[in-house]
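Q:
Number of protein chains: 2
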Amino acid sequence: MSYWHIDYHSKYQALTFEVTESLESIQSPYQKIEVVETPAYGKVLLLDGDLMLTEKDEFAYHEMLVHPTMFTHDHPKKVLIIGGGDCGTLTRVLQHKSTEKVVMVELDELVTKVSKKYFPHLVSSTQDPRVSIIFTDGIKYVHNCTDKYDVILVDSTDPVGPAEGLFRLNFFKDCFKILDEDGILCLQSESPWIPELAELISQVNQNLKSLFPIVKAYGAAIQTYQAGFWLFQIASKKYHPLSAEIERKIIEANLNTKYYNSKIHYAAFILPTFVNKLINETSKNNIE
Amino acid sequence: MSYWHIDYHSKYQALTFEVTESLESIQSPYQKIEVVETPAYGKVLLLDGDLMLTEKDEFAYHEMLVHPTMFTHDHPKKVLIIGGGDCGTLTRVLQHKSTEKVVMVELDELVTKVSKKYFPHLVSSTQDPRVSIIFTDGIKYVHNCTDKYDVILVDSTDPVGPAEGLFRLNFFKDCFKILDEDGILCLQSESPWIPELAELISQVNQNLKSLFPIVKAYGAAIQTYQAGFWLFQIASKKYHPLSAEIERKIIEANLNTKYYNSKIHYAAFILPTFVNKLINETSKNNIE
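Here the protein sequences line up with chains A and U, keeping their order.
Heads up: the first sequence begins at 1 in the numbering used here, then just goes up one per residue.
Heads up: the second sequence begins at 289 in the numbering used here, then just goes up one per residue.
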């Protein structure tokens, strides 16, 4: 029997869409994991009722989380993914030939198990010999890690519950420590249209700037995420994401993409005036 | 008593938001006009239940409809607005000092009357001596018009009902005829994320290309419109919207804007790969 799911974007607004079938509903130690069938978006993954991924537009989010950073780095061999249990990020990292080793650290093993069943085209990437998956807390993993990485991608849920620490200064400090001297960190950074998130976005930017010499925010149109417009923040020790030579690398790599291209790489960093203002607003206190 | 309004974006998906007060509900000869108070977006104008304008994000739509075209034209003196009864477009046209005459042709006088009461900061622009407002059918007006314009801006509702003709070839032909030899037409062009609109977007592009030498699509993040990402199409007889000298003009004009800026002017024309593909897909038949 069909019903309309409500995905709250704030206390006062929501995306709602028809669900024609509930395919899975299971409680993990961390959250309720559901997969539903929808006419608008195909299969949809919900965590605690929040929309995480849809078959229709997952490409926009995953391509825009992964490719700008992977092309900004000159030779991204060792990549760490924090979160990303659905493996959409992993799949895009593996498109890059330079990738020699990817470690994906996901808190909730059941997210990956469920995704394997319903989004097999994403999770097939886990069979790649370059991939290691560790099911543990990403914050603790990074804190105790003694390896070094070229790239860290933070593919987290919203900053409530377990993911909250992934937006804090201490986590960024640990990331900085395990990044090589030319390493890059990139994290999903929520929607600038939602007032409740404005301060977080600004504070993340400030905290990253207190550690990294190059910090830039960029945006992408993602249909099913809050307000349809999403930010990412890239923090780099050496490489600048707007270097002119990146365009040639993107064209030569000729990746199969539906959102990202050699021109979007640069245009995504050009943000509306209100977003520039929001990001650069100085908060009185960092998030510790 | 508060309730949640549902704004359908297609048969299967909708934006929904809390309404704390119904401020106005009136039936015009053309449509039901409502103004509601919302915690998420401030006052919201609804036409036949469809969200048209919110206090919070109207700037994104209106700035991005008006400014790219007004800055692309070298001396936009005579401007025609089709639709735009809420006067948000008019307000932005009048920010341009070159504007000597603006004719706004709105079908429904009651939309402007209601907007005057609830969005006075937009409708105050009607007092400007450069402005003429004609309440009639924009399609007929353009067909019978003997004046010439530098710029035509089509600020229409969705392509159902009275606005449908504003997306058709015959209307574009009439616009071409009343544009000066260096004139520019720009129209709102719906969301590329909604499959039901994909063919329309592509056909509009094709039809414009059959008339104008320069046709370009660009996008903007508009929170409350379908899927949060909106397209516009600009069709120009002479001036190219990506000319390098436009940047200097934008900086010199120093308009008070919240979305548009000298860099967004160019970046907005860089679209995701799937949108480029959608726009350039050749439809078998033009919309006649």
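Ideal Cβ placement from N, Cα and C applies to all residues, glycine included.
With burial defined as no fewer than 16 other Cβ atoms inside 10 Å of the residue's Cβ, what is the status of Ala532 of chain U: buried or exposed?
A: Translated into the one-based positions of the second sequence, residue 532 of chain U becomes position 244. The residue in question, Ala532 of chain U, is exposed, as its Cβ has fewer than 16 Cβ neighbours within 10 Å.
Q: Quick one: list the residues of chain A neighbouring Pro327 of chain U, beta-carbon separation under 7 Å, in chain order.
A: The sequence position of residue 327 of chain U within the second sequence is 39, counting from 1. Residues of chain A passing the Cβ test: Tyr12.
Q: Using the three-state DSSP reduction, which class does Glu535 of chain U fall into: helix, strand or coil?
A: As a first step, residue 535 of chain U is located in the second sequence; it is residue number 247 there, counting from the start. The answer is helix: DSSP assigns Glu535 of chain U an H, G or I state.
Q: Using a Cβ-Cβ distance under 8 Å, would Tyr260 of chain A count as near chain U?
A: Position 260 of the first sequence, counted from the start, is the residue given in the question as residue 260 of chain A. Yes, Tyr260 of chain A lies at the interface with chain U (some Cβ there is under 8 Å from its Cβ).
Q: Considering just the uninterrupted stretch of the alpha helix (DSSP H) at Gln491 of chain U, what are its terminal residues?
A: Within the second sequence, the letter at position 203 stands for residue 491 of chain U. Gln491 of chain U -> alpha helix (DSSP H) spans 483-497.
Q: Go through its chain and collect everything with a Cβ distance to Tyr3 of chain A's Cβ below 6 Å, but skip five positions before and after it.
A: Numbered from its first residue, the first sequence carries residue 3 of chain A at position 3. Within the same chain, Tyr3 of chain A has close Cβ partners Val19.
Q: Are the beta-carbon atoms belonging to Val154 of chain A and Ile82 of chain A less than 8 Å from one another?
A: Taking the first sequence and counting its residues from 1, the one referred to as residue 154 of chain A is at position 154. Taking the first sequence and counting its residues from 1, the one referred to as residue 82 of chain A is at position 82. Cβ atoms of Val154 of chain A and Ile82 of chain A: closer than 8 Å.
Q: Would you kindly work out how many angstroms separate the C-alpha atoms of Lys116 of chain A and Asp108 of chain A, rounded to a whole number?
A: Residue 116 of chain A sits at position 116 when you count from the first residue of the first sequence. Residue 108 of chain A sits at position 108 when you count from the first residue of the first sequence. Approximately 13 Å between the Cα atoms of the pair.
Q: Between A:Pro120, A:Val111, A:Val105, which lies nearest to Val142 of chain A when the distance is taken from Cα to Cα?
A: Along the first sequence, one-based indexing puts residue 142 of chain A at 142. Selected option, being the one with the closest Cα: A:Val105.
Q: Excluding the 5 residues flanking Ala221 of chain A on each side, which residues of the same chain have their C-beta closer than 7 Å to its C-beta?
A: Taking the first residue of the first sequence as 1, we reach residue 221 of chain A at position 221. Cβ neighbours of Ala221 of chain A beyond the five flanking positions: Ala60, Gly228, Phe229.
Q: Can you tell me where the beta strand (DSSP E) holding Val390 of chain U begins and where it ends?
A: For this step, residue 390 of chain U is matched to residue 102 along the second sequence. Unbroken beta strand (DSSP E) run through Val390 of chain U: 389-394.
Q: Which chain U residues are close to Ile264 of chain A, counting only those with a beta carbon under 8 Å from its beta carbon?
A: Taking the first sequence and counting its residues from 1, the one referred to as residue 264 of chain A is at position 264. Those within 8 Å of Ile264 of chain A in chain U are Ile558, Leu559, Pro560, Thr561.
Q: In the DSSP assignment, what residue or residues form a beta bridge with Val324 of chain U?
A: Numbered from 1 along the second sequence, position 36 holds the residue referred to as residue 324 of chain U. Paired residues: U:Ser310, U:Val332.
Q: Please compile the residues from chain A whose C-beta is within a distance smaller than 9 Å of the C-beta of Phe517 of chain U.
A: As a first step, residue 517 of chain U is located in the second sequence; it is residue number 229 there, counting from the start. Per Cβ cutoff of 9 Å: Ala221, Ile222, Gln223, Gly228, Phe229.
Q: In chain A, what lies closer than 8 Å to Leu303 of chain U by C-beta?
A: Counting from one through the second sequence, the residue named residue 303 of chain U turns up at place 15. By Cβ distance, chain A contributes Gln13, Ala14, Leu15, Thr16.
Q: One question on the structure: do Ile440 of chain U and Leu566 of chain U come within less than 8 Å of each other, judged by their Cβ atoms?
A: As a position in the second sequence, residue 440 of chain U is number 152, starting the count at 1. As a position in the second sequence, residue 566 of chain U is number 278, starting the count at 1. Contact: no.
Q: What residues in its chain sit with their C-beta under 8 Å from that of Tyr118 of chain A, if we drop five residues either side in the sequence?
A: Start at 1 with the first residue of the first sequence, and residue 118 of chain A comes out as number 118. Contacts found: Leu23, Glu24, Val35, Lys43, Leu45.
Q: Please return the same chain residues whose Cβ sits closer than 6 Å to the Cβ of Lys366 of chain U, not counting the five positions on each side in sequence.
A: Here the question's residue 366 of chain U lines up with position 78 in the second sequence. Counting only Cβ-Cβ distances below 6 Å, and skipping sequence neighbours, we find Lys389, Tyr437, Asp438.
Q: What is the DSSP secondary structure of Glu164 of chain A, reduced to helix, strand or coil?
A: Taking the first residue of the first sequence as 1, we reach residue 164 of chain A at position 164. If DSSP states are grouped into helix, strand and coil, Glu164 of chain A belongs with the helices.
Q: Can you tell me whether Asp174 of chain A is helix, strand or coil according to DSSP?
A: Locating residue 174 of chain A in the first sequence gives position 174, where the first residue counts as 1. Asp174 of chain A falls in the helix class under three-state DSSP.
Q: Taking 8 Å as the CB-CB limit, is Gln521 of chain U close to chain A?
A: Here residue 521 of chain U refers to the residue found at position 233 of the second sequence. So no, Gln521 of chain U is outside the interface.
Q: For the segment 357-438 of chain U, list the alpha helix (DSSP H) runs that are entirely contained and at least 4 residues long, ordered along the chain.
A: Correct list: 376-381, 397-406, 408-411, 426-432.
Q: For Asp374 of chain U, I'd like the list of residues in its chain whose CB is within less than 8 Å of its CB, leaving aside the five on either flank, ordered along the chain.
A: Here the question's residue 374 of chain U lines up with position 86 in the second sequence. Hits under 8 Å: Leu333, Met340, Leu341, Glu346, Val399, Thr400, Ser403, Phe407, Leu410, Val411.
Q: With DSSP collapsed to three states, give me the class of Leu255 of chain A.
A: Residue numbering aside, residue 255 of chain A sits at position 255 when the first sequence is read from its first letter. Correct three-state label for Leu255 of chain A: coil.
Q: Apply the 10 Å Cβ neighbour rule to Asp416 of chain U and answer buried if 16 or more other Cβ atoms are within range, or exposed otherwise.
A: Counting from one through the second sequence, the residue named residue 416 of chain U turns up at place 128. Per the 10 Å Cβ criterion, exposed.
Q: So does the segment 233-241 of chain A actually touch the segment 521-532 of chain U, counting three or more Cβ pairs closer than 8 Å?
A: No contact exists between the segment 233-241 of chain A and the segment 521-532 of chain U.
Q: Indicate whether Pro76 of chain A and His96 of chain A have their beta-carbon atoms separated by less than 8 Å.
A: One-based indexing of the first sequence puts residue 76 of chain A at position 76. One-based indexing of the first sequence puts residue 96 of chain A at position 96. It is a contact, given that the beta carbons lie within the stated cut-off.
Q: For chain C, check one thing: does any of its Cβ atoms lie closer than 8 Å to the Cβ of Ala60 of chain A?
A: The structure shown contains no chain C; its protein chains are A and U.
Q: Are Gly507 of chain U and Leu496 of chain U close, meaning C-beta to C-beta below 8 Å?
A: Locating residue 507 of chain U in the second sequence gives position 219, counting from the first residue. Locating residue 496 of chain U in the second sequence gives position 208, counting from the first residue. In this structure, Leu496 of chain U does not lie closer than 8 Å to Gly507 of chain U by Cβ.
Q: Which residue comes first and which comes last in the alpha helix (DSSP H) that contains His9 of chain A?
A: Counted from its first residue, the first sequence places residue 9 of chain A at position 9. From DSSP, His9 of chain A is part of no alpha helix (DSSP H) but of the beta strand (DSSP E) over 3-10.
Q: From the DSSP output, which residues share a beta bridge with Val442 of chain U?
A: What you label residue 442 of chain U is simply residue 154 of the second sequence in a count that begins at 1. DSSP, once it has assigned bridges, lists U:Ile370, U:Leu475 as partnering Val442 of chain U.
Q: Take Ala302 of chain U and list the residues in its own chain whose beta-carbon comes closer than 7 Å to its own, dropping the five residues that flank it on each side.
A: Counted from its first residue, the second sequence places residue 302 of chain U at position 14. Ile294, Asp295, Tyr296.
Q: My output table needs one value for Gln514 of chain U: the three-state DSSP class, helix, strand or coil.
A: On the second sequence, position 226 is the one that residue 514 of chain U refers to. DSSP places Gln514 of chain U in helix when its eight states are reduced to three.
Q: Opposite Leu303 of chain U in the DSSP bridges: which residues?
A: For the purposes of this step, residue 303 of chain U is identified with residue 15 of the second sequence, where counting begins at 1. For Leu303 of chain U, which the question treats as bridged, DSSP gives the partners A:Leu15, U:Asp295.
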